[in-house]
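Read through the structure below, which is laid out as structure tokens, and then see the notes.
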Amino acid sequence: MSEDWSGPPAIRLPQGLDLHLELGPGPRQAGLEDALRTAVRDGRLGADARLPSTRALARQLGLARGTVTAAYDQLAAEGLLLTRPGAATTVARLPSAATPVTPATDTAPPVRHDLRPGIPDGSAFPARAWLAATRRVLARARPEDFGHGDPQGRYELRAALAGQLGRTRGVLTSPGQIVITSGFYQSIGLLASVLRARGAAELATEDPGHRTYREVVTRAGLRVVPVPVDEHGARVDSITAPAVLLTPSHQYPTGVPLHPDRRRELASWAHRTGGLVIEDDYDGEFRHDRRPVGAFQALAPDRTVYCGSTSKTLGPALRLGWLAVPPDLVRPVTEAKERADFYTETLGQLTLAELITTHAYDRHVRAARLRYRRRRTLLHQLLSTHPDFTPHGVPAGLHTLVTTPHPEPALLARCAAHGIALRGLTELHHTPAQDRPGGLLIGFGATTDHGFARALRALDEALPG
Ligand SMILES: Cc1ncc(COP(=O)(O)O)c(C=O)c1O
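One point on numbering: in my numbering, the residue at position 64 of the sequence shown is 279, and numbering is uninterrupted.
What follows is the structure, given as structure tokens:
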């Protein structure tokens, strides 16, 4: 009986070294080729290393000599080995193959406390309700439900959302005006491509605002122009572009809602100029002190695209988002979606529709709102003991912006040294300027309740003063 406890067979290289080769099951030549390829790629067989002669290797491995010759020839043809008549076979000098890949050493301290903004508590994902909804969806699925989907999205989900958004956010829409996407990231890309195709050259976005979406818009061929933000939200009087991306319910990142006067001014700008408002209602479900302010869309439904997603309520992993678009944009947006990726995965759409129509979604959002409200209160209690840190914004969402006279890079470094992950304000400005105050975006969603209490203690130590 072979002693297979001792691991893969070792072969003796001409220079006297042992080399362990993992010869997998299956055809022997292919197994030997794979084992040698792996040894070259992971650096165990470095450049110029001499391999045993075909006769010696065949003897050591109990293979036919022809098998070894064929394997060497194959790897020589791939450029990994050099074979010359009358000379030993060697490993070729190939930087990418022959040099061992040294993993980049990550010198950043490990993250122990996740206070990144805008991430919901994954441990509170309603797994049981999601599973039950999936079961019901599958139990009643027809064969065609497993076929190709509709680029606009499953009707069941569009109908559920039209009712849900009207009821909870005051959105004026219908199932025929909703387009399902794979999250806001895709939504804004689709909208930017439609605007570009219609001849627009610019899109106005809030300053500060989410950098990722500015990048998506730029990649779609539009120039982003800044709309300054103050304590009443975006300065809508400064919009010169034909379209604007805004977060009216809870400006990201400052946390202020758009002032009622500015909402009216924005609606009249849209009607007067024919401009398009893209409303990113990313966390409109989470107002902690009162009923949420309704979506801006209701003031100008023919000039507004309302955007939402499950990323804050359920989790970004689902990649499910939606647009409520004016009637004239349904077709171009649906066509852009079809060009982008055909349609969004449909069984998840049906499950979300089931969650909404059985009210399990509302129940989950209510419970999540209570949890985040409690955590926000704890965070603000802590901040009140650090007078150099000024919180901004209304009680809403999953994060708070604090500004401070302390230099932002040093603060971020202190937080990192305490194992805290959060974001700085500066990166969200269109053009970082010296005269603007630095700040921190502190999230209260991402951890568990228990983890949040520990994270706050770490933050207390990390913040100076
Ligand atoms: C400002 C803002 N908008 C929208 C989203 C949602 O993006 P998505 O649906 O692509 O996950 C986020 C989430 O990170 C966000 O921070």
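Even glycine gets a Cβ: it sits at the ideal position worked out from N, Cα and C. Quick caveat, the model's predicted, so the values are computed rather than measured.
Using the Cβ count rule (16 or more neighbours within 10 Å means buried), how would you classify residue i?
i	result
A377	buried
F659	buried
V352	buried
P304	Reading off the sequence, residue 304 comes out as Thr, not Pro. T304 should be labelled buried.
F557	exposed
S483	exposed
D543	exposed
A312	Because A312 carries a pLDDT of 41, less than 50, the predicted location of this residue cannot be relied on, and the following value inherits that uncertainty. Under this definition A312 is a buried residue.
L567	buried
G563	buried
F604	buried
R355	exposed
A661	buried
L678	buried
H614	buried
V326	exposed
E642	exposed
E500	buried
P423	buried
A458	buried
L346	exposed
Between residue i and ligand 1, is the CB less than 6 Å from at least one heavy atom?
i	result
H425	yes
Y370	no
Y467	yes
D329	no
P472	no
P531	yes
D336	no
D495	yes
G398	yes
G563	no
G499	no
Q526	Per the sequence shown, the amino acid found at residue 526 is Ser instead of Gln. Yes, since a heavy atom of ligand 1 falls inside the 6 Å radius drawn around the Cβ of S526.
G658	no
G608	no
G404	no
G333	yes
G536	yes
In the DSSP assignment, find the unbroken alpha helix (DSSP H) run with residue i in it and report its ends.
i	result
P391	A small fix is needed here, since residue 391 is Gly in this sequence, not Pro. Looking at the DSSP string, G391 is not in any alpha helix (DSSP H), and its letter there is neither H nor E.
P624	E623 to A632
G686	Look at the range of the chain in this structure, 216 to 680, and you will see that residue 686 is not part of it.
L405	F399 to A412
V431	R426 to R434
R382	Y370 to R384
D664	D664 to A677
Can you give me the start and stop residues for the beta strand (DSSP E) that residue i sits inside?
i	result
I657	G653 to G658
V352	Taken as a continuous stretch (DSSP letters only), V352 belongs to no beta strand (DSSP E), being part of the alpha helix (DSSP H) at A342 to A354.
D233	D233 to H235
G333	No beta strand (DSSP E) contains G333, which DSSP labels as neither H nor E.
V440	R438 to D445
T462	Unbroken run through T462: none, as it is neither H nor E.
H614	H614 to T619
G536	G536 to A539
L418	E417 to D422
Which runs of the alpha helix (DSSP H) spanning at least 4 residues fall entirely within the region 470-523, listed in chain order? 475-488
Considering only residues of the region 543-605, which uninterrupted alpha helix (DSSP H) runs meet the minimum length of 4 residues and lie entirely inside it, listed in chain order? Segments of the alpha helix (DSSP H) lying fully in the region 543-605: 545-556, 561-572 and 575-598.
Identify every run of the alpha helix (DSSP H) within the region 257-315, keeping only runs that are complete inside it and at least 4 residues long; order them along the chain. 269-276, 280-292 and 310-313
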